Amino acid sequence: MAAKDELGRRGEDVAVEYLQGRGLVVLDRNWRCREGELDVVATDADVGRLVVCEVKTRSGTRYGEPAEAVTGQKARRIRRVAQRWLAQHGVPWVEVRFDVCAVLVEPGRPATVQYYEGAF
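For the sequence shown, the working numbering assigns the number -10 to the initial residue and increments by one for each residue that follows.
Written out as structure tokens, the structure is:
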């Protein structure tokens, strides 16, 4: 597995642990269709909401913070892919929140998380 893939996988593992710690139940990870991929799909059962979480992981900030990689174009694509996920899983209309989990994994340090609820 390439270093970039390993970094991304570690970031997603950190994000899932973070979401579960906040009481969310993870329904799907790395769900793919022709239009793209959803990193994490979860539910916040307390409020009956589906949460689609885009995870961005970096090993440093030389090229910017991880969350800066979520552009308007990327957000629009994630929304389209989420519609596909809902249709494929037979989920009727529900409230969907789109979050970003920015994970920084610097060598020799514990991972840090910045979570942006309702990011787009």
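We put the CB at the ideal spot given by N, CA and C, even for glycine. Remember, it's a predicted structure, so these values are computed and weren't measured experimentally.
- The region 68 to 82 and the region 43 to 54 do not touch, with fewer than three beta-carbon pairs separated by less than 8 Å.
- One thing to note: Val40 has its Cβ no nearer than 8 Å to the Cβ of Arg73.
- Ala100 sits away from Val59, with the two beta carbons spaced by 8 Å or more.
- Annotation for Val83: Gly37, Arg38, Leu39, Leu75 place their beta carbon closer than 8 Å to its own, counting only its chain and skipping 5 residues before and after.
- Among the bridge pairs identified by DSSP, Leu39 is matched with Thr32, Val85.
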